Amino acid sequence: MPKAVIVGGVRTAIGRMGGALKSVPAEELAAHVIGEILKRTGIEGEEVDEVILGQAKQSCDAPNIARVSSLMAGLPIEVPAYTVHRQCGSGLQALINGAQQIMLGEAEVIVAGGVESMSTAPYYLRFARYGYGAGNGEILDPNTESQPRSQPEDRYGRLTMGMTAENLAVKYDISRTEQDEFALWSQEKAWAAIESGRFRQEIVPFTVDLGKGKNAVFDTDEHPRKTSMDALSRLKPVFKENGTVTAGNSSGRND
C-alpha cells in the first residue's frame, strides 16, 4: 500500500469575523494558499491529481469552492476538485480523503485543506422567490442558523455548539474553572507563538485592498487576545442560566 505523507503546509493568518479579512471572499483566500504551497514545494499544477477543500459555510458565491479556488490559483482545468462538508472538521476530512486516495493508489499528489470566511457568508431569505402573500420574511444568518439545523430539530431540539459544550461539561464534570484555565492556557500559547515568530514560516501574507488605492498586508492572527483568570471569571455564561460556557472560554468566529 502506498504511504501518504505531507510535503508542505501553509495558511493565511486568521482574521476575526468582521476584521481585516471581512471583505475578502473565501475563494480568494484559498486560491492564494494553493498557489503558495505549489510554489514552495516546486510541484507543477499539472502534477496535481485532485484538489480537496473543506468548508462549512458553503454558498452559491463559489459553489464547489475547491474547483473555483484551484482555477483561480492557475491549476489546469483538467485537474479535478471537490468540496466536503463536515462542520468544524471539514478541512480535516479533506486531508483524510486525500490521504486515503493516495493510500488506495488512486492519486499521487493531492492538494487538501480547509477554508472559511464567516464575514462573507451570505444571509438568506427563505420563501422569498415567489413573494409573500402577507406578513414579513425573516433574514437568516448562516453563522447562527447552520448549527441548530445540523440535526432534525423535531428530534433533538435547537441544539447549538454552545449548548453542546454545556451538555458535555455536565456529562464529564468539567468545571467553569477548568474551562477558563484551559482557555487562558490556549491564549497564552497563541500569544507566545505570535511574539516569538513561530508562525512566520507557515503564514502566507495576504494583501487586503482597502480601497482608494490603499493596501494593507495581513500576516498576523487577529483572534488571540491577552487575558487573565480574573477577567475570564467575570464573564457571564452565554448559552444558559448558571452555565459554564462564556465568550472567554469558547472558540471564536473567524475568517
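Heads up, the sequence shown is in the numbering used here, so the first residue is 885 and it goes up one at a time.
Backbone N, C-alpha and C fix where the C-beta goes; we use that ideal spot for every residue, glycine too.
What you are looking at is a predicted structure, and each value in this text was computed from that prediction instead of being measured.
Span of the alpha helix (DSSP H) around residue i
i: LEU1094; result: Element bounds for LEU1094: not the alpha helix (DSSP H) but the beta strand (DSSP E), 1090-1095.
i: GLU1029; result: 1026-1029
i: ASN1051; result: 1045-1055
i: LEU955; result: 949-956
i: GLU1022; result: Neither: GLU1022 is in no alpha helix (DSSP H) and is coded neither H nor E.
i: ARG1039; result: 1037-1040
i: ASP1114; result: 1113-1117
Range covered by the beta strand (DSSP E) that runs through residue i
i: GLU1066; result: Just to set this straight, residue 1066 is Phe in the shown sequence, not Glu. Premise fails: PHE1066 lies in the alpha helix (DSSP H), 1060-1080, not in any beta strand (DSSP E).
For residue i: DSSP bridge partner residues
i: ALA1100; result: VAL1092
i: CYS972; result: ARG970
i: ALA965; result: VAL935
i: GLY1194; result: The chain is shown only over 885 to 1139; residue 1194 falls outside these bounds and no answer can be derived.
i: VAL995; result: VAL935
i: LEU1009; result: ILE1023
i: ASN1138; result: ARG900
i: ILE1087; result: ARG895
8 Å Cβ cutoff met for residue i and residue j
i: ASP1103; j: PRO1089; result: yes
i: ARG1042; j: LEU1024; result: no
i: ALA965; j: SER954; result: yes
i: ALA1074; j: GLN1063; result: no
i: GLY899; j: GLU1106; result: yes
i: PRO1006; j: ASP945; result: yes
i: LEU913; j: THR896; result: yes
i: ILE828; j: THR967; result: No statement about residue 828 is possible, as the shown extent of the chain runs from 885 to 1139 and does not include it.
i: SER1070; j: GLN971; result: no
i: ILE936; j: ALA978; result: yes
i: VAL1101; j: VAL908; result: no
Other residues of its chain near residue i: CB distance less than 7 Å, five sequence neighbours each side excluded
i: ALA1067; result: LEU1116, GLY1132, ASN1133
i: THR925; result: VAL891, GLY892
i: MET1002; result: MET901, LYS941, ASN1027, ARG1137, ASN1138, ASP1139
i: GLU1050; result: PHE1123, LYS1124, GLY1127, THR1128, VAL1129
i: VAL993; result: ILE927, GLU931, VAL932, ASP933
Same chain only: Cβ atoms within 8 Å of residue i, ignoring 5 sequence neighbours per side
i: MET1047; result: PHE1123, LYS1124
i: VAL894; result: VAL917, GLU920, ILE921, ARG924, GLU1086, ILE1087, VAL1088
Heavy atom of the ligand NAD within 7 Å of residue i beta-carbon
i: GLU1079; result: This structure lacks the ligand NAD; in fact it carries no ligand of any kind.
Contact set for residue i: own chain, Cβ-Cβ below 6 Å, skip 5 residues either direction
i: TYR1140; result: The chain is shown only over 885 to 1139; residue 1140 falls outside these bounds and no answer can be derived.
i: ALA957; result: ALA915, ILE918, GLY919
Output the residue ranges of the beta strand (DSSP E) runs that lie fully inside the stretch 895-940 and measure 3 residues or longer, sorted by chain position. 934-938
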